[in-house]
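J.: All the letters of the sequence shown, read from the start, carry residue numbers 74 to 312 under the working numbering. Note that CB positions come from ideal geometry on N, CA and C, so glycine has one too. One structure is given below, represented as structure tokens, and several questions about it will come after.
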Amino acid sequence: MTSVIWHDLECGGYHEDIALWLALAGERGDPVLDVGAGTGRVTLALARAGHRVVALDSDPELLGELARRAPGLAVETVVDDARSFALAGRRFPLVLVPMQTVQLLGGTAGRAAFLRRARAHLAAGGVVAVAIAEQFEEFEVQDGEPGPLPDMGERDGVVYASLPTAVRRNGATFVLARRRETVDPAGRRTVSEDRIALDIVTVRMLEREARTAGLRRLGVRRIAPTDAHVGSEVVMFGA
Ligand SMILES: C[S@@+](CC[C@H](N)C(=O)[O-])C[C@H]1O[C@@H](n2cnc3c(N)ncnc32)[C@H](O)[C@@H]1O
């Protein structure tokens with residue numbers, strides 16, 4: 074359950090991309106394949122708008138929570154890896170990869186494997202739309218500085234706070250570091266460090282990799298940055 078809480082806290086507050094996914098689903102039709110769906114930030118928005126969605130993620134705990142949040146909605150969950158999934162004979166008019174998930178797939182080889190799987194599951198005239206962040210602003214919170222605002226929430230009396238502490242370039246990745254703190258009603262406290270390494274990916278790199286997987290570029294849409302979130306490019310491909 075703890076991974077669900079941190080996931081909701083750190084990803085759930087992002088809304089700037091939802092209008093684009095809704096517009097694409099409206100244009101392309103159902104079913105939509107949401108790759109790296111997590112607890113359903115995007116899947117649930119689409120399903121509540123009346124779309125049929127297949128939500129795929131490698132984390133069964135996050136997907137279990139997504140299913141629990143989707144009673145009465147046309148949502149199917151699939152626990153699988155984005156680099157190797159095979160949904161027997163299924164084809165999708167729209168395959169989405171929101172929120173830099175494609176930068177978590179283990180570099181060029183992982184992205185290439187995913188792009189081949191996406192191509193194999195694409196319906197005629199279908200679109201694969203992949204959100205990437207090309208650039209991250211590097212920073213390191215110094216002692217005594219407040220740093221960026223934490224993501225905070227409360228569940229069953231326990232207060233959760235996730236504080237961004239650094240973004241550093243490390244080889245072919247950007248490492249996003251956070252300090253996760255909890256305080257329970259008795260005042261007991263936990264502190265842990267969390268680090269995520271996002272592969273550095275540019276639109277041009279992704280286009281080259283997609284071409285090798287049999288996908289051609291259709292266009293790029295930009296989602297502007299906010300105070301709390303980096304901007305992203307949504308790169309769209311067709312067969
Ligand atoms: C940044 S979160 C995005 C969650 C959700 N799509 C959103 O936009 O809020 C990345 C998600 O990708 C999933 N993920 C990471 N690697 C994966 C892989 N190889 N195959 C499938 N899912 C993966 C994680 O479990 C996580 O739920």
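1. Is Q173 near ligand 1, judged by its Cβ being under 8 Å from some heavy atom?
2. Who are the near neighbours of Q173 in its chain, counting only those whose CB is closer than 8 Å to its CB and skipping five residues on each side?
3. So, is Q176 buried or exposed, given that buried needs 16 or more other C-beta atoms within 10 angstroms?
4. In angstroms with no decimal places, state the Cα-to-Cα distance between S42 and A259.
5. If you drop the 5 nearest sequence neighbours on each side, which residues of the same chain put their C-beta closer than 7 Å to that of L188?
6. Assuming L129 and L106 are in contact, meaning their beta carbons sit under 8 Å apart, how far apart are those beta carbons, in whole angstroms?
7. If we count Cβ pairs, one from each stretch, closer than 8 Å, do we get three or more for the stretch 147-155 versus the stretch 114-128?
8. Could you please give the first and the last residue of the uninterrupted beta strand (DSSP E) stretch that includes D272?
9. Helix, strand or coil for S76, going by three-state DSSP, please let me know.
10. F158 lies in the beta strand (DSSP E); which residues open and close that run?
11. Give every residue of the same chain whose Cβ lies closer than 6 Å to the Cβ of G102, excluding the five residues on either side of it in the sequence, and list them in chain order.
12. Under the DSSP definition of a beta bridge, which residues are partnered with S235?
13. Please report the residue range of the beta strand (DSSP E) in which F310 lies.
14. Tell me the DSSP secondary structure of E187 in three-state form.
15. By the three-class DSSP mapping on this structure, what secondary structure does V132 have?
16. Using a threshold of 9 Å, state whether the C-beta atoms of V232 and L169 are closer than that.
17. Looking at the secondary structure, which residues open and close the alpha helix (DSSP H) in which L279 lies?
18. Can you list, in chain order, the residues of its chain whose CB lies under 8 Å from that of S157, leaving out five sequence neighbours each side?
T.: In this structure, then:
1. At least one heavy atom of ligand 1 is nearer than 8 Å to the Cβ of Q173, so yes.
2. Non-local beta-carbon contacts of Q173 in its own chain, meaning distances under 8 Å to residues more than five positions away in sequence, involve A204, I205, A206, L271, S305 in chain order.
3. By the beta-carbon neighbour count (other beta carbons within 10 angstroms, threshold 16), Q176 is buried.
4. This structure leaves residue 42 out entirely; the chain is present only between 74 and 312.
5. Taken in chain order, the residues that qualify are E282, A283, A286, L288.
6. Right, their Cβ atoms sit about 6 Å apart.
7. With a cut-off of 8 Å, the stretch 114-128 and the stretch 147-155 count as touching, because enough Cβ pairs lie within range.
8. If you look at D272, you'll find it in the beta strand (DSSP E) that goes 262-272.
9. Helix at S76.
10. From DSSP, F158 is part of no beta strand (DSSP E); its letter is neither H nor E.
11. Excluding sequence neighbours, G102 sits near P166.
12. According to DSSP, S235 bridges with D224, R253.
13. Under the DSSP assignment, F310 falls in the beta strand (DSSP E) whose first and last residues are 305-311.
14. With the sequence shown as reference, residue 187 is identified as Phe, and Glu is not the correct amino acid for it. If DSSP states are grouped into helix, strand and coil, F187 belongs with the helices.
15. Per the sequence shown, residue 132 should be read as Asp rather than Val. D132: coil per DSSP, three-state reduction.
16. No, the Cβ-Cβ distance between V232 and L169 is not below 9 Å.
17. Here the alpha helix (DSSP H) through L279 covers 276-285.
18. Cβ within range, chain order: A186, R190.
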